[in-house]
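Below: one structure, written as structure tokens.
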Amino acid sequence: MTTQLCDDLLPNGLTLPEAREQSRRAYELDRKHVFHSWSAQAKLTPMTVTAARGSHIWDGEGRQLLDFSSQLVYTNIGHQHPRVVEAIQQQAAKLCTVAPQHVNDARSEAARLIARHTPGELNRIFFTNGGADANEHAVRMARLHTGRYKVLSRYRSYHGGTDTAINLTGDPRRWPNDYGNSGVVHFFGPFQYRSPFHAENEQQEGERALEHLDNLIRFEGPTTIAAIVLESIPGTAGIMVPPPGYLAGVREICDRYGIVFIADEVMAGFGRAGKWFAVEHAGVEPDLMTFAKGVTSGYVPLGGVAIAPHIAATFDDRAYPGGLTYSGHPLAAAAAVATIQTMEDEGIVEHAEHIGRTVLGPGLRELAERHPSIGDVRGAGVFWALELVSDRVAKTPLAPYGGTSPAMSELVATCVERGLLPFANFNRVHLVPPCNISEADAREGLTILDEALTVADRHVSMD
Ligand code: PLP
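Counted from 1, the sequence shown has number 52 at position 50 by this note's numbering; the numbering is strictly sequential.
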């Protein structure tokens, strides 16, 4: 299988020569003027994307790729869904913007629809611009609610790039941003494949992780801890689905010590894990839940905090000291309304669960039987990770923690050459297509991955 070149018009209406010319100029200007996230600017050679539809994108050369990255894991209803595009257009024609202190019908309706799907009583919505600021505000609410300062979060996590959010984060991107004064204490969460607790099975891993957390709290001082922040399923850090009982155990610990439980659903939410929110897998109700990405399928930036009544009540008579110019921006709110209605009407969350259970899960496990470079397969819905190793017994990662390697770069380049855009991090490839990917496209992605993995297999030690 090789990438397809578009011989007709691209989905954006351009001919191939027009698209290439536009891309050439865009690339030139990008390298001159655009400063990119998380990168050494001089070392970048970013891919140009000229068009996108459904589960596909077209690069600067007009080559079609299956988007198994959902960009940054957010195009949950695929690219350019006509219903959402139209809703944004209609809202733009009707009313582009209204300040956050006024009432706006798009914002009210978005809040109602989000509350319809959040667990239990998480029915009050504070809107932000994205995921990091949602976590900032959730922590601020928890601190004011409890009168405590310290916050706990796990190693192997990502919570955003702003000051508190990057300090909550348990990956190397925190290190240069950590001045030791954030009030965040990290702990180890469950991760059976690389068990920090030497557990022999999932149940043991969950139990030992809870014991570790409980101990850490007792030694840090329970009355000093405002919140525990956890991704319901850690995403960028490796899609480690928590063992049964773990999140319920965290809930119980929070209740015991009067600690606010903040679930970060920025990546795992809105259908990604085959449920509206990934905490539903655990049957757990957090006190605060943050979301972003999938709420608008990323078409317009939006995030937020869903707030339980007892936390909201803290700010009934006392002003909440926080806000944003664009809190509940009408264009974003209209995109959220259309995205949620589309997900409901088209059964997109159920579809994501079905694709995970019948295609991606079994397909990836079957690849693991044939490719010695696959150390572990894990995930749910359309949220899957392959952990790649050069030695299955020693579990030697194909790239070091926090780094990359020629083997990983070669694997990703081969995927792209053959028409598949995965999401890669350290020694992992994540397969995270839109929640409404067709069965045929999901299978095609697996076929390309199968071919590309032969490249990774060459790096497996044979002795
Ligand atoms: N939380 C999680 C779990 C995320 O995956 C991300 C982004 O990838 C964020 C927070 C930060 O969201 P944003 O980039 O919208 O600020």
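Cβ atoms here follow ideal geometry from the backbone N, Cα and C, with glycine treated the same way.
Within the same chain, Cβ atoms closer than 8 Å to the Cβ of L218 are found at L154, V187, F189, the five residues on either side in sequence being excluded.
Excluding sequence positions up to five before and after A53, its CB lies within less than 8 Å of the CB of L12, P13, N14, L16, A21, I59, W60, all in the same chain and listed in chain order. Counting other Cβ atoms within 10 Å of its Cβ, E368 stays below 16 and is therefore classed as exposed.
Taking C-beta atoms as the reference points, A112 and L333 fail to come closer than 8 Å.
Selection Y157, E389, G162, A117 evaluated against G133 yields G162 as nearest (Cα-Cα). Put simply, the stretch 95-109 does not touch the stretch 348-358. Fewer than three CB pairs are less than 8 Å apart. Within the model, the alpha-carbon separation for A387 versus A308 is close to 28 Å.
DSSP places K152 in the uninterrupted beta strand (DSSP E) bounded by 152-156. Straight across, the Cα-Cα distance linking F221 with G324 is about 32 Å. Contact between T166 and N131 does not hold, since the beta-carbon distance rounds to 15 Å and is not under 8 Å. From the listed residues I376, D378, G208, V384, the smallest Cα separation to Y76 is found for V384. Annotation note: the stretch 162-236 contains the following uninterrupted beta strand (DSSP E) runs of length 3 or greater, listed N- to C-terminal: 186-189, 227-233.
Shortest gap from the CB of A294 to any heavy atom of the ligand PLP: under 7 Å. For E453 against R420, the beta-carbon gap comes to about 6 Å, under 8 Å, which counts as contact. For T164, the closest of P198, W40, F425 by C-alpha to C-alpha distance is W40. Contact check for H356 against L455 fails: the beta carbons are separated by 8 Å or more.
Here A310 carries a coil assignment [DSSP, helix/strand/coil]. If you ignore the 5 residues before and after E123, its C-beta comes within less than 7 Å of the C-beta of A310, P311, all in its own chain and listed in chain order. V268 has its CB nearer than 7 Å to a heavy atom of the ligand PLP. The C-beta separation of G305 from T292 comes to about 7 Å, placing the pair in contact by the 8 Å criterion.
I90 and G191 have their C-alpha atoms spaced approximately 40 Å apart.
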